[in-house]
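As given, the protein sequences belong to chains B, A and D, one line each in that order.
Note that the numbering used here has the first sequence beginning at 6, numbered continuously upward.
Note that the numbering used here has the second sequence beginning at 4, numbered continuously upward.
Note that the numbering used here has the third sequence beginning at 137, numbered continuously upward.
All residues carry an ideal CB built from backbone N, CA and C; glycine is no exception.
These notes are about the structure you will find just below.
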Amino acid sequence: MKKRDEAMALWADFTDGRVDRRAFVLQALGLGVSASTLGAVLQACGGGASAPEGSVAGPASAVEPPIAGELRIYNWSDYIAEDTVPAFEKETGVKVIYDMYESNEELLAKLQIGGGGYDLVVPTGYIVEVLAAQSLLAPLNKAWLKNFGNVAASFQNPAFDTGNKFSIPWQWGTTGIAWRTDKLAAAPDSWAVFHDAQFKGKMTQMDDSRDVIGSWLKFRGKSLNSTSAEELAAAKADAMAAKALLKAYLSAPVKGQLVSGDVWIAQLWNGDTMQAKAEQPAIGYAVPKEGAGIWLDSLVIPRDAPNARAAHAFMDFILRPDVGAALSTFTGYGTPNQAAMAVMTDAVPYPTAEELGRLEYQKDLGAATALWDQIWTEIKAG
Amino acid sequence: MNRLPSWLIVWCAGVYAFLHIPILVLVLFSFNDSKFSVAWEGFTLKWYARLWERQDIVDGLVASLWVATTSTLIATVLGTLLALALARGAFPGRRWLEMLLYVPVVTPEIVVGISLLVLFVAMGLPLGLTTVVIAHVAFNLTYVVVVVLARLAGMDRSLEEAAMVLGADEVTTFWRITVPQLFPGILSGAMLAFTMSFDDYVITSFVTGPGSGTLPVVVYTMVRKNIEPSINAISTLVLVGTVILVTLADRWGRNRPLAGP
Amino acid sequence: MNRSPRRAVLAWFAARPGWRAFGLAGPAVVWLLAFFLIPLGLMLGTSVMPRGVYGGVEWGFTFEHYGRFADRMYLSILWRTAQDAGITTLICLLMGYPVAYVIARSGPWKNFLLFLVVLPFWTSFLVRTFAMIFLLRDTGLINAMLLRFGLIAEPIQMLYTPWAVLVGLVYGFLPFMVLPIYASLEKMDWTLLEAAEVLGARPAARFLRITLPLSLPGVAAGCCLVFIPSLGSFLTSDLLGGAKQILIGNLVQNQFTSARNWPFGSAASFVLMAVVLVGVMVWQRIRDADERAI
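Next comes the structure, spelled out in structure tokens:
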């Protein structure tokens, strides 16, 4: 069993008396849990430095494994065109098991503990960074990704994964402001709209510390990845001033309330805004002049993926122009696939150079995560 | 028996209305021709038809029914026995055991989910519906025990004693006297257990594996985009199905001379 | 049918009450130990280790996570959670007791009425909550009706208020109150009430002196099953309260997800558990003292 072996290797780094006693207790209970696995599991969730480099899917293997068997995909819900999986199954003969998850953080916790069993997952950029830092991802074998050249230059080599060692891009979008064009005279072009008392009780921000605090950092012209205590204190003050006027912190479910007219101004993703607009035409979308977040969800292969070969095949399949175009047509988000862009009729245009200057990717905050959480709790509790 | 005062009836009708009005809305929206359930847009059956395409929803329902039934059965049997031991026996550690019972009720779900996932991975158990059932029994047990204990408290033991005096052995007495007397408690406990298992998301999402998402897992993953009204449709079908089943079971039960308390 | 082996086994157990209790309690206790206490022990270990930057833990030993609870902010979160849970329990009791009483006295209908109490929960929590949002929101059904009948001039904000959270919590936990109370009322000997009536006791006195005392075990169980889990709830305050307040359940959830601080999340859970277990212990003492008094 490979996982066991790795765990043993990990365990070799830590010899700690307490764990032996625990092992004794566990074995006495006849559970058959070895101390090394338990210790390794808990520890593997924490420090990444000592984990061995993933050995899966290395190009070193002399014999090319066949594209066959089962492929287990773990993705956000409604985030794939309806015929993509059947078409892939038909072409390759691979049987796809397709599951869905609800948040990046739950995905992260599950992968950290080692409870995945999946071959492909679709985290957002900064999560890719965390997973890679903990050696939880299998490096890609570019020889199996013949269509990689279709990725637009601006989405290749992202900061969270230099050289696309572990990831290929799936979809991208921005986090701006959705607004009711029939209730407001002009587009809200600044985060300052959330400080405007005339819209009290008609506005929402997303229920996410990174998005809320990030927007107020941008408002003051700072980076949304700031770790400066001073800048964060200012953002906290702005966020709390806005909280007094907000109806709620509400992420994706705000769409229904935008459509019904309960909410006039909402911090929201561009693609979700377009979905709401399909139901209620009087909805617009604005990227504030101070700047906003841009994100890129990416396909990655977990280190212990049982079928890395088929995972590569699926990645390559997605990178085809027609498949990528169908994907973005379905989701309403932008495609990072230049070749797909060319065959789409109604694509989300790539950000212009000027816009790119205002947009910023989220990066993992590392040790500053604690400070951000403290501030977020203070905002909520205040 | 004297009649119930009318204010009491009105009060209860109010409580039942409180419980069922949101359900009525839910059912109505399963026939609504709008994706976001915002306003009434006209009658449609398309969300029911859509269930044919959404294999994941149907699979989720089947998985949920299986998990809830199995875990309820196990939890009810084990929980009833434990309640009997607690109520009837004076044994060392009883007080501690009683306290241990409240631990699962108070532990936040995410802690249960993550800690069980750590355990299962360490044990090398493959994640799937089996691990979900194990987890559900662990948190359901307590609810069964607490409800059955409430029934046992101060229960009249003279019937049991009479049966024993008349020569019935313990097992016979248990099945013929104790279980029927306890039945309302066991039924209430089992209903709670089933309900909780059928509706659990947080714990399940951690301990489940590829290809075995229960219905709540399927529903929660839709939140980011939009919970499509097919979920209302399948919920409606479950409600209708259960009402029919329970009505039939009730008829059947009443025609049997010895059933029920 | 040869009954002698069965009799022999029974006789053996009858002579050894300790083993008998073990035979009854054993399977459940083993299950709880293996799949609850041991995993929980792991989390207890986690709560005294330094946090890993990316989640999980690093090896070491520290009490800093518990120390954070000296901070007034976390104490006030704990206090607010307890208040919410207390009010929820009280409302559930006021709403649930009469229902349990009526069900227990409704003869052939009782199983069906009981079933109607849990039926709503065989739908999904989220769909139910979204239906409630539809009722409560500014453009929702309740406001529309009130406006139509001229009872109000402007929509009242009901959704995303602390009241909406209470409504959601009461809705979610009501069966946990009704079922145990029903289970203990159902075994009541109603002839006692008739006797009291014949003897001239007024309805209020009959209830306070006979019905209520006999149903107290059910009330206690119901209050536990409502109060304790509602301390850990987090989704209701997010969805119906608009996430503008933070309860201890949200705090724990955040620590395991966005904050990636498993040790602090575990520590917060254990603080919560400690508070509850102390409460249960006190309650046990009082109850045992009562029993001795009788």
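- Of all C-beta pairs linking the segment 308-322 of chain B to the segment 90-103 of chain B, three or more are shorter than 8 Å, placing the two stretches in contact.
- Neighbours of R264(D) in chain A, taken as residues whose beta carbon is under 8 Å from its own, are P25, I26, L29 in chain order.
- The distance from the Cβ of T340(B) to that of A352(B) is about 6 Å, consistent with a contact at the 8 Å cut-off.
- Interface annotation for the segment 146-158 of chain D against chain A: L146, F149, A150, P153, G154, R156, A157, F158, criterion Cβ-Cβ distance under 9 Å.
- For F123(A) and T217(D), the gap between their C-alpha atoms comes out near 32 Å.
- One thing to note: E236(B) has its Cβ no nearer than 8 Å to the Cβ of V264(B).
- Taking the CA atoms as reference points, H200(B) sits about 31 Å from I230(A).
- Between the beta-carbon of G385(D) and that of F370(D) there is about 3 Å, and that keeps the pair under the 8 Å contact cut.
- Taking 7 Å as the Cβ-Cβ cut-off, the segment 188-220 of chain D has no residue approaching chain A.
- It is roughly 30 Å from the alpha-carbon of V30(A) to the alpha-carbon of P187(A).
- The C-beta separation of Y131(B) from F160(B) comes to about 15 Å, leaving the pair out of contact by the 8 Å criterion.
- L146(D) places its beta carbon 8 Å or farther from that of D253(A).
- Shown here, R187(D) sits in a strand according to DSSP, grouped into three states.
- Between P298(D) and Q381(D) the beta-carbon gap is near 7 Å, inside 8 Å, which marks them as a contact.
- Taking each of I102(B), K147(B), D83(B) in turn and checking the Cα distance to L76(B), the smallest one comes out for I102(B).
- Residue contact check for V264(B) against chain A: a CB pair falls below 8 Å.
- In the three-state reduction of the DSSP assignment, A271(B) falls in the strand class, which pools E and B.
- For the 8 Å CB-CB criterion, T207(A) and T217(A) form a contact.
- If only complete runs of 4 or more residues are kept, the segment 99-128 of chain A shows the alpha helix (DSSP H) at 112-126, in order along the chain.
- I117(A) has a beta carbon lying within less than 8 Å of a beta carbon in chain B.
- DSSP places I384(D) within a helical segment (H, G or I) once states are collapsed to three.
- R6(A) sits in coil when the DSSP states are folded into three classes, being neither helix nor strand.
- Annotation: N279(D) to I292(D) spans about 7 Å, alpha carbon to alpha carbon.
- Look at N247(D): its C-beta is under 8 Å from a C-beta on chain A.
- Take the alpha-carbon of Q117(B) and the one of S161(A): they are about 57 Å apart.
- The bridge partners DSSP lists for W177(B) are L301(B), G339(B).
- Put simply, the segment 167-179 of chain B touches the segment 290-299 of chain B. At least three CB pairs are less than 8 Å apart.
- For G261(B), the closest of G276(D), M409(D), Y210(D), A340(D) by C-alpha to C-alpha distance is G276(D).
- With fewer than 16 neighbouring CB atoms inside 10 Å of its own CB, E44(A) falls in the exposed class.
- When secondary structure is reduced to three states using DSSP, V65(A) falls in the helix class.
- The bridge partners DSSP lists for G289(B) are W184(B).
- Judged by beta-carbon spacing, Y146(A) lies beyond the 8 Å limit of V416(D), meaning their Cβ atoms are not closer than that value.
- Around the beta-carbon of A16(A), fewer than 16 other beta-carbon atoms lie within 10 Å, marking it exposed.
- Counting only Cβ-Cβ distances below 9 Å, S208(A) has contacts in chain B at Y106, E107, E111, K115, in chain order.
- Distance check between E365(B) and each of T278(B), K223(B), A373(B), A247(B) places K223(B) closest, using alpha-carbon atoms only.
- DSSP lists I78(B) as the beta-bridge partner residues of Y103(B).
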